[in-house]
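Input: a single structure, listed below in structure tokens.
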Amino acid sequence: MSDLVLVVNAGSSSLKYSLVDAATGDEPADGIVEAIGEDRGALTHRGPSGEHTDKRAFTDHEDALRAVLDAFEQHGPALADADIRAVGHRVVHGGELFSEPTVVDDALLAAVEELVPLAPLHNPANLEGLRVARRLFPDLPQVAVFDTAFHATLPEHAYTYAVPKAWRDEHHVRRYGFHGTSYAFVSQAAADLLGKPVEDTNLVVLHLGNGCSVTAVEGGRSVETSMGLTPLEGLVMGTRSGDLDPAVPAHLNRQLGWSLLDIDRALNKESGLKGLSGVNDFRRLTELRDAGDEDARLAFDVYVHRIRKYVGAYYAVLGRVDAVVFTAGVGENSPSVRAAALAGLDRLGIVVDDGRNEARSRDARAVSPDGADVAVLVVPTNEEWEIARQTLAVI
Ligand code: AMP
147 MSDLVLVVNA
157 GSSSLKYSLV
167 DAATGDEPAD
177 GIVEAIGEDR
187 GALTHRGPSG
197 EHTDKRAFTD
207 HEDALRAVLD
217 AFEQHGPALA
227 DADIRAVGHR
237 VVHGGELFSE
247 PTVVDDALLA
257 AVEELVPLAP
267 LHNPANLEGL
277 RVARRLFPDL
287 PQVAVFDTAF
297 HATLPEHAYT
307 YAVPKAWRDE
317 HHVRRYGFHG
327 TSYAFVSQAA
337 ADLLGKPVED
347 TNLVVLHLGN
357 GCSVTAVEGG
367 RSVETSMGLT
377 PLEGLVMGTR
387 SGDLDPAVPA
397 HLNRQLGWSL
407 LDIDRALNKE
417 SGLKGLSGVN
427 DFRRLTELRD
437 AGDEDARLAF
447 DVYVHRIRKY
457 VGAYYAVLGR
467 VDAVVFTAGV
477 GENSPSVRAA
487 ALAGLDRLGI
497 VVDDGRNEAR
507 SRDARAVSPD
517 GADVAVLVVP
527 TNEEWEIARQ
537 TLAVI
């Protein structure tokens, strides 16, 4: 029997997929359908015979997933022979209802629907992916893996906002946290690298990608995290502001007459690195900064200052830290962010070795000197593999 899982990540206008061997992490094929519902749609499939692109319009997620099945048929590997065990779905918001990966049934669909007000941008698309995959794979078990689930262990004092009781009780206003599958994968891999059981390991894990967040992981459990009710709070991100005075939306509403929805959109889509420098892609930002662009310099400085503040805060939350861990696109690939964010923290036992930090590698590795009090690690994340593992564990 195989350990193959088809991992599906349905966004509002995209559908990412990956065929993953849950035992080894091998990915015999993966791909993405982009611009679903628009004229300029495209399916890119990578499989045993290389990369294939099919440019056409995809009317909806069902059309997109049918095209993915055709791509498997045409370019391989043939799904009929692959003996897939299950479909694993990324679902962004599990609210207070889901703290574990869960087999998809009618009750789960209704519950994810109920959670739409908490994640209006993400959960409707995830739901669509669940429904379509159930129709197209009626004989395969389907499992929902929630981005919030890893943070179900947050203590009450960490997840509670100091707001009126009715908001908390009736409207579920609290910190949830996101990037959970990444944290689950990276925490285990970091403990393995340190040669310690994850249960005895305290970590500050920085997930720095398009979205950025940081989590204090105590003995494998999330005890504090920077994203909140939504993925807007915390670190500076590609297009999201992260932390700001909660009075800012009301101020702008009074000053500009903008609706709260418009302000929310700008804080999610026009802020962060993009708001500061005009570009949201970190590679581009690095090029501009290297060329002497002042806005890019400021964006970089604000970005790393925010990270540093959180490292200090989460050090205090944990009391004892075994490692500071960098992951995701920026965390894995930007030595300058790692060096700048942790510079001058040697009194906390945190030191970056310049040679190790600059060396390029795709492997999990330490970039601190041997014997440092607090290891600084770079650990490539693999959310697809984690979803596949959790999916098989449930079925
Ligand atoms: P992710 O969401 O994990 O795919 O991360 C995407 C972010 O990582 C984008 O801002 C990329 O520009 C950034 N990134 C990817 N490769 C590099 C690199 N070599 N140097 C700096 N940033 C990178």
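Each residue of the sequence shown is one higher than the last, beginning at 147 in this note's numbering. For every residue, glycine included, the Cβ atom is placed at its ideal position computed from N, Cα and C.
Annotated three-state conformation of residue 473 is strand, per DSSP. Annotated as proximal: residue 334 and residue 344, with beta-carbon spacing under 7 Å. Separation of residue 339 and residue 511 (C-alpha to C-alpha, rounded to the nearest whole angstrom) is 7 Å.
Residue 155 has 162 as its beta-bridge partners, per DSSP.
With a cut-off of 8 Å on Cβ pairs, the stretch 243–256 is not in contact with the stretch 307–314, counting fewer than three such pairs.
In this model, residue 207 and residue 275 are separated by some 7 Å (Cα to Cα). By the CB criterion at 7 Å, residue 342 and residue 385 fall outside the cutoff. Restricting attention to alpha helix (DSSP H) runs no shorter than 4 residues, the stretch 258–335 encloses them at 269–282, 302–305 and 311–317, ordered along the chain. Put simply, the stretch 491–510 does not touch the stretch 356–376. Fewer than three CB pairs are less than 8 Å apart. Distances between the C-beta of residue 341 and the heavy atoms of the ligand AMP are all 6 Å or more.
Within the stretch 339–427, the complete beta strand (DSSP E) runs of at least 3 residues fall at 348–354, 358–364 and 367–371.
For residue 213, the enclosing alpha helix (DSSP H) stretches over residues 207–221.
If the five residues before and after residue 519 are omitted, its C-beta is found closer than 6 Å to the C-beta atoms of 495, all from its own chain and listed in chain order. With 5 Å as the limit between CB and the heavy atoms of the ligand AMP, the residues that fall short of it are 355, 356, 427, 428, 429, 474, 475, 476, 479 and 480. Looking from the CA of residue 449, the closest CA among 230, 464 and 476 belongs to 476. For residue 533, DSSP assigns no beta-bridge partner whatsoever.
In this structure, residue 473 keeps its C-beta atom at 7 Å or more from the C-beta atom of residue 367. Taken atom to atom, the span from the alpha-carbon of residue 264 to that of residue 417 is near 21 Å. DSSP, read as helix, strand or coil, puts residue 173 in coil.
Residue pairing of residue 180 in beta bridges, as defined by DSSP: 188. Rounded to whole angstroms, the separation of the alpha carbons of residue 454 and residue 200 is 44 Å.
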